[in-house]
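8 is the number of the first residue of the sequence shown in the working numbering; add one for each residue after it.
In what follows, a single structure is set out as structure tokens and then discussed.
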Amino acid sequence: MGPFSHFVSYQWNFFYYASWCLAYEGEDYPQYLPLNLPKKTMATDDMEHYSINSSTSDAEWAPLFPDGGGFVFLGPQNRPFGVSMFHQFHCLEDLWHAMVARKRSQHTTHCLAYLRQMILCRGDLRIEPLIPPYPLKQVDSTANRTCQDWSLVYRALEQNHSHVKV
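So, in structure tokens, the structure goes:
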């Protein structure tokens with residue numbers, strides 16, 4: 008049990024007890040998971056992991072998905088839902104496969120459109136300095152960032168998956 012296990016458990020229990028007013032049928036469900044994610048400073052490095060075509064590529068990309076593949080089961084009937092964060096990871100994985108195989112599918116086209124929409128929807132306005140020489144327009148994207156603590160999303164989905172028989 009990690010330091011946030013109680014925190015995640017409390018949030019999920021609260022959600023399950025508070026869900027009596029939702030039927031989870033048709034459009035009667037919440038738009039977002041009820042996780043209050045604290046902010047966390049994280050280092051970014053765009054070159055060290057997630058290579059495109061190496062002997063470690065499969066092992067690096069596999070842990071992006073928690074148990075249950077990024078799906079969550081909610082409400083009295085355990086209705087399945089996809090979580091957007093993992094749909095985005097799925098699309099990155101699809102693009103990675105398309106790059107390695109040099110073959111794109113209709114699904115790859117969907118993924119490009121979906122990722123474009125998510126980038127626009129979440130508009131990150133962080134300013135990134137240019138790296139000289141300036142005509143190349145390469146940016147330094149390795150600075151620390153303050154992000155939502157996404158590790159709690161993994162814990163919550165794994166806890167949800169462990170309580171549901173699929």
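In this text, a Cβ means the ideal position worked out from N, Cα and C, and glycines have one as well.
Segment limits, alpha helix (DSSP H) that includes Cys-118: It spans 113 to 129 - the alpha helix (DSSP H) in which Cys-118 sits, taken as one unbroken run.
Integer-rounded CB distance, given that His-94 should sit under 8 Å from Tyr-180: Nothing about residue 180 can be read from this structure; the chain reaches only from 8 to 173.
Provide the residue(s) that pair with Pro-87 in DSSP beta bridges, ordered along the chain. In the DSSP output, where bridge partners are listed per residue, Pro-87 has Phe-80.
DSSP three-state call for Gln-145: helix, strand or coil? Residue state, collapsed to three classes: strand.
In terms of residues, what are the limits of the beta strand (DSSP E) holding Arg-133? Counted as a single uninterrupted DSSP element, the stretch harbouring Arg-133 is not any beta strand (DSSP E), since DSSP gives it neither H nor E.
Alpha-carbon to alpha-carbon, Gln-38 and Val-79: In a straight line, the C-alpha of Val-79 is about 13 Å away from that of Gln-38.
Cβ shell of Asp-147 (< 8 Å), same chain only, five flanking positions each side left out: Result list for Asp-147: Glu-135, Pro-136, Leu-137 and Ile-138, in chain order.
Let me know if Val-90 comes out buried or exposed under the rule of 16 or more other beta-carbons within 10 Å of its beta-carbon. For Val-90, the number of other beta carbons within 10 angstroms of its own is at least 16, and it is reported as buried.
Arg-109 bridges to which residues according to DSSP? Looking at the DSSP assignment, Arg-109 forms no beta bridge with any residue, so it has no partner.
Check whether the stretch 156 to 173 touches the stretch 59 to 75, counting contact only when three or more Cβ pairs, one atom from each stretch, lie closer than 8 Å. These segments touch.
Quick one: is Cys-28 buried, meaning 16 or more other Cβ sit within 10 Å of its Cβ, or exposed? With fewer than 16 Cβ atoms within 10 Å of its Cβ, Cys-28 is classed as exposed.
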